[in-house]
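Asks: After the C-alpha cells below, expect a handful of questions from me.
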Amino acid sequence: MERIESAITSAIRHRPLNALITETFDLARHQAKEAIKRGQKPFPLVVKDCYALKGVRATCASKMLKDYVPPYTATSVQRLIDSGGCVIGKGNMDEYSMGTSSALGHFGPVKNGLSNLEKLDDDWVVAGGSSGGPAVSVQMGIADCSIGSDTGGSVRNPAAFTGVFGFKPTYGTISRYGLIPLVNSLDAPSIFAQSAEECWRFFEIAAGRDANDSTSIDPKTSLLSKKLSDLVIGIPKEYHNESLTDEAWQLWNRAANILTRLGAKVRTVSLPLTKYSLICYHVASGGDIASNMARYDSVAYGHRSSNNQSTFELYSSSRTESLNSVVKKRIHFGNYFLMKKHRKEYFERALKVRRLIAEEMWKAFKEVDLLLTPTACGVAPLFSQLHGENFARESDDDFYTQPVNMAGVPAVSIPLGTSPSSNLPLSVQLIGDRLQDRLVLEVAEQLYKAR
Amino acid sequence: MINRFRCRCLLRTTIRKFARKTPIANDKLLVPDVPESSHVDDIGEVPSFDHKLITHLERLSLIRFSSEEAVANLRESIRIANRLKHIDVEGVQPMITVWDNMECPLRDDVLSCELERDEVLENAAETMEDYFVTPPGNIPLGAEKPLDLKLINEWDKLGQPNPPDPRGKLEVKTNKK
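First to last, the protein sequences are chains C and H. For the first sequence, full-length UniProt numbering assigns the number 1 to the initial residue and increments by one for each residue that follows. For the second sequence, full-length UniProt numbering assigns the number 1 to the initial residue and increments by one for each residue that follows.
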C-alpha cells in the first residue's frame with residue numbers, strides 16, 4: 001500500500017510536468033486493496049491514454065475524444081491489473097500517438113522531469129514521444145511500470161530522453177485489443193520500467209495470445225541458452241549517419257566495448273535500406289492512419305460539431321474542429337496515397353519496400369544474434385530548439401527506432417550513460433530477432449550492470 | 001562575396017557533420033567512426049495542386065485544409081514519398097503483416113453479447129430513442145472558399161512556416177476520477 005501512496009504523492013508533486021491526463025488515485029487505492037486480498041503485492045501503473053480502461057476516459061490526448069469513456073478494458077491493461085497493477089492515471093502523449101515530442105496534445109505538453117522547474121512555462125526539456133507521459137511517470141516514481149505503444153519508436157524514444165528502460169517486444173506478443181490503433185501492423189504495446197529485469201517481469205504478465213486479437217501470438221519465455229561469450233553482436237554501419245552526435249556515438253562505441261569485455265564478439269554489418277525506412281513508414285502508415293481515423297465521425301462517440309447542414313458537413317466540421325494539425329496532415333496525405341490513381345505508385349510500393357526492409361533485418365540475424373545501435377541522435381532537445389527547427393529533430397531521432405517496427409522484432413532502449421555537457425541521459429538500443437525478447441532483455445541487463 | 005561566405009559556411013557544416021568521431025579514452029574503436037550519409041535524393045515531380053484536387057481530398061478525408069500551409073505540407077509529403085522510387089520492387093509482394101507465413105488460430109463461432117445497449121449509446125453526443133442520429137445524408141461536401149494556389153504551389157519561395165506552439169495557450173485542466 002505504501003508504494004501506491006508514494007506513487008500518488010509523486011503524481012501530485014510532479015503535476016507541473018503534465019505526465020497524466022486523468023488521475024485515478026481512488027481507483028488505484030481500490031485496486032491495491034483487491035490485490036492484497038489476492039495475496040499479491042500492488043505496484044503503481046500508468047497507462048498511456050490510448051488504452052481502454054473501463055469507466056475512465058481515454059482521450060488519445062485529443063479534443064475529439066476528450067469525454068470518451070470506454071465500456072471495456074484493454075487485455076494488456078487487465079492482465080497487469082490482475083497481477084497487482086494499480087492505475088495511478090492515464091498517461092499524456094502526442095495526439096493519437098502521432099509525434100516524437102508529446103508536446104502538441106490537446107491537454108498540453110509533457111515535460112521531461114529533468115527540465116528547469118523555474119522556467120517550465122517558457123521552455124522545457126522534451127520528454128520524447130509519443131508515450132511521453134508514461135515515460136516521465138516511471139522517471140519520477142509515479143509508476144513502477146508504464147504501458148505505452150510503440151509504432152515507430154514511441155516508447156524507446158521517450159525512454160531514451162528520460163533515462164529509463166523502454167522495451168518494445170516482438171510484434172503480436174502483447175495483445176492490441178483495447179489499444180486505439182494507429183498503424184495496425186506496426187503498433188506494439190510496450191513497457192517502461194527502471195530495469196531490464198522489470199521489463200521482462202511486466203512483459204510476461206501482459207504477453208500471450210488473446211482470443212480478441214487475431215494478430216496476437218505467444219512469446220517464447222524459455223531461459224537464455226547461450227552465454228554472452230557465444231553471442232555475436234552486429235553494429236549496423238548505416239546507423240552512424242550525419243545526424244548522430246559525438247556523445248551518442250561515443251556511448252554506442254563504449255557499449256560495444258563493454259560487450260566485448262563481457263565476452264561477446266562484435267562485428268560491423270550493413271543494412272543499406274535503413275535510410276528508406278522512415279520514408280516507407282511515412283507512406284505505409286499514412287494509408288493505415290487515414291483508414292483508422294475514419295471512424296471519428298462524431299456519431300457514436302467523439303466531439304460533435306453544431307454544423308448540422310448535412311451528414312458530411314457534420315462529420316467534416318467535427319473532425320476539423322477537434323483534431324490537431326499533425327493528425328490532419330497525416331490523414332490528408334494518407335488519403336492522397338490511397339487515391340485510386342496513386343495507390344499502386346505510393347501505397348503498394350511502400351508495402352513492397354516494407355517487405356524488403358523487414359527481410360534485410362531478418363537476414364542480418366542469420367549472421368549475428370543481436371544488433372547494437374543508438375536510440376536517438378543525442379540527448380533530448382529543449383522545446384524551443386525543437387520548435388525553432390519546425391520539428392525536424394523528430395525525424396532525425398525516428399531514424400534509429402523506426403526500422404525495428406517494420407521488421408516486427410524486439411528492441412530495448414537502455415539508459416547507459418549521461419551526457420557530460422548537459423547532464424541529460426544518453427541511451428543505446430539492443431535489437432533481437434523475432435521472439436528473442438528474453439535474449440534482448442537479458443543481454444541488456446548484463447550490459448547495464450557492467451557500465 | 002556573400003555567396004562565397006555562404007559556400008564556406010555550408011562546407012564547414014558539412015565537414016563537421018561528416019567528421020570522424022573519437023572514442024572515449026581507453027575504448028577500442030569498434031563502431032565505424034566515419035558517418036555514412038542517410039540522404040536520399042529527390043526523384044520525380046510533385047504535381048501542382050488545383051482546387052478540384054483540394055476539394056476531392058477534403059471529401060475523401062472529411063477534413064478541411066486549414067490554410068495554404070496545410071496543402072503545401074501535403075506537397076512536401078509527396079516529395080518525400082517519391083524517394084521510394086529509387087528502389088527496385090520488381091517481383092516483391094506487398095507486406096501486410098510480419099507474420100504472414102504463420103497460421104492464425106480461429107475463434108469458435110460462439111455468440112457473445114459483450115455490451116449492453118446503454119453502454120453502446122452512452123458516448124454519443126446525440127441519441128433519440130435508442131438510435132444514433134445524423135443530419136440528412138447523400139449531400140456531397142461543398143467546396144470551401146478557395147485557397148491561394150500560387151502560394152501553395154510555390155510555398156518554398158513564398159511560404160512562411162508557422163509551426164504549432166503550445167506555449168502561452170490556456171492549459172486544459174486534467175481531472176481526477
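C-beta: ideal position from N, C-alpha, C; glycine also. Here the structure is a predicted model, which means the values were calculated and not measured.
Would you identify the three-state DSSP class for N175 of chain H, choosing helix, strand or coil?
Replies: Because the pLDDT of N175 of chain H is 47, which lies under 50, any placement of that residue in the model is unreliable, and the number read from its coordinates should be weighed accordingly. N175 of chain H: strand per DSSP, three-state reduction.
Asks: Are the C-beta of C377 of chain C and some C-beta of chain H separated by less than 8 Å?
Replies: Not one chain H Cβ lies under 8 Å of C377 of chain C.
Asks: Can you list, in chain order, the stretches of the alpha helix (DSSP H) that have 4 or more residues and sit fully within the segment 183-269 of chain C?
Replies: If we require 4 residues or more, the alpha helix (DSSP H) runs fully inside the segment 183-269 of chain C come out as 196-206 and 246-261.
Asks: Is I152 of chain H close to chain C? Criterion is C-beta to C-beta, closer than 8 Å.
Replies: So no, I152 of chain H is outside the interface.
Asks: So, residue 454 of chain C versus V269 of chain C, is the Cβ gap smaller than 8 Å?
Replies: The requested residue 454 of chain C does not occur in the structure, where chain C is confined to residues 1 to 451.
Asks: So residue 463 of chain C and L372 of chain C are in contact, right, with Cβ under 8 Å, and what is the actual spacing, rounded?
Replies: Nothing about residue 463 of chain C can be read from this structure; chain C reaches only from 1 to 451.
Asks: With 16 as the cutoff for other CB atoms within 10 Å, does C113 of chain H come out buried or exposed?
Replies: When all chains shown are included, C113 of chain H counts as exposed.
Asks: With DSSP collapsed to three states, give me the class of D150 of chain C.
Replies: Of the three classes helix, strand and coil, the one that applies to D150 of chain C here is strand, per DSSP.
Asks: Measure the Cβ-Cβ separation of L20 of chain C and G89 of chain C and say whether it is below 8 Å.
Replies: Contact: yes.
Asks: Helix, strand or coil for A25 of chain H, going by three-state DSSP, please let me know.
Replies: Coil.
Asks: At least one CB of chain H closer than 8 Å to the CB of residue 470 of chain C: is that the case?
Replies: As shown, chain C starts at 1 and ends at 451. That puts residue 470 of chain C outside it, with no answer to give.
Asks: I'd like the span of the alpha helix (DSSP H) that includes L65 of chain C, first residue to last.
Replies: From DSSP, L65 of chain C is part of no alpha helix (DSSP H); its letter is neither H nor E.
Asks: Mind listing the chain C neighbours of D165 of chain H? Cutoff is C-beta to C-beta under 8 Å, in chain order.
Replies: Chain C residues near D165 of chain H: H387.
Asks: Determine the chain C residues that contact C113 of chain H at a beta-carbon separation under 9 Å, and present them in chain order.
Replies: Correct list: empty, because the minimum Cβ distance to chain C is about 13 Å.
Asks: Under 9 Å, CB to CB, which of the residues in the segment 135-151 of chain H have a partner in chain C?
Replies: Those would be P135, P136, G137, N138, I139, P140, L141 and G142, in chain order.
Asks: What three-state label does DSSP hand T373 of chain C in the structure shown?
Replies: Three-state result, T373 of chain C: strand.
Asks: Please list, in chain order, the chain C residues whose beta carbon lies closer than 8 Å to that of D27 of chain H.
Replies: Ordered by position in chain C, the residues that pass the 8 Å Cβ test against D27 of chain H are Q250, N253, R254 and N257.
Asks: Please classify A411 of chain C: does DSSP put it in a helix, a strand, or coil?
Replies: Note: A411 of chain C maps to strand in three-state DSSP.
Asks: Would you mind giving the Cβ-Cβ distance between Q250 of chain C and I15 of chain H, rounded to the nearest angstrom? I have them listed as a contact below 8 Å.
Replies: At roughly 19 Å, the Cβ-Cβ gap does not stay under 8 Å, so Q250 of chain C and I15 of chain H are not in contact.
Asks: Looking at I414 of chain C and L439 of chain C, is the spacing between their C-beta atoms short of 8 Å?
Replies: No, these two residues do not count as a Cβ contact at 8 Å.
Asks: Is R107 of chain H close to chain C, meaning its C-beta is less than 8 Å from at least one C-beta of that chain?
Replies: So yes, R107 of chain H belongs to the interface.
Asks: List in chain order: all unbroken beta strand (DSSP E) runs of 3+ residues lying wholly within the segment 15-46 of chain C.
Replies: Correct list: 20-23.
Asks: Please classify L29 of chain H as buried or exposed, where buried requires at least 16 neighbouring CB atoms within 10 angstroms.
Replies: Counting Cβ neighbours within 10 Å, L29 of chain H comes out exposed, since fewer than 16 surround it.
Asks: Would you call M1 of chain C buried or exposed, if buried means 16 or more other Cβ atoms sit within 10 Å of its Cβ?
Replies: It is exposed - the Cβ of M1 of chain C has fewer than 16 other Cβ atoms within 10 Å.
Asks: For D218 of chain C and L53 of chain H, what's the separation of their Cα atoms in angstroms?
Replies: Their backbone Cα atoms lie some 46 Å apart in a straight line.
Asks: What does Y276 of chain C touch in chain H if you count any residue whose Cβ is under 9 Å from its own?
Replies: Going along chain H in sequence order, the residues near Y276 of chain C (Cβ under 9 Å) are V40, R83, L84, H86 and I87.
Asks: Is the distance from the Cβ of P166 of chain H to the Cβ of G108 of chain C below 8 Å?
Replies: Closer than 8 Å, so yes.
Asks: Mind pulling the chain C residues with CB within less than 9 Å of A72 of chain H?
Replies: What A72 of chain H touches in chain C: nothing, since even the nearest Cβ is about 11 Å away.
Asks: Could you please give the first and the last residue of the uninterrupted beta strand (DSSP E) stretch that includes V283 of chain C?
Replies: Counting along the chain, V283 of chain C falls outside any beta strand (DSSP E), though it belongs to the alpha helix (DSSP H) covering T274 to N292.
Asks: Mind checking whether L62 of chain H and Y315 of chain C have CB atoms under 8 Å apart?
Replies: Their beta carbons are under 8 Å apart, which means L62 of chain H touches Y315 of chain C by this criterion.
Asks: Taking 7 Å as the limit between beta carbons, can you name the residues of its chain near E197 of chain C, skipping five residues before and five after?
Replies: Same-chain partners within the cutoff: E445.
Asks: Please give the ranges of any alpha helix (DSSP H) in the segment 343-398 of chain C, keeping only runs that are unbroken, at least 4 residues long and fully inside the region.
Replies: Entirely contained in the segment 343-398 of chain C, the alpha helix (DSSP H) runs reaching 4 residues are, in chain order, 349-367 and 383-388.
Asks: Could you check if Y131 of chain H is buried or exposed, using at least 16 other CB atoms within 10 Å of its CB as the buried criterion?
Replies: Classification of Y131 of chain H: exposed, given that the 10 Å Cβ count is below 16.
Asks: By the DSSP assignment, the alpha helix (DSSP H) with V440 of chain C in it spans what residues?
Replies: It spans D437 to K449 - the alpha helix (DSSP H) in which V440 of chain C sits, taken as one unbroken run.
Asks: Give the DSSP bridge partners of M128 of chain H, in chain order.
Replies: Bridge partners of M128 of chain H: H:Y131.
Asks: Nearest chain C C-beta to R64 of chain H closer than 8 Å, yes or no?
Replies: Closer than 8 Å: yes.
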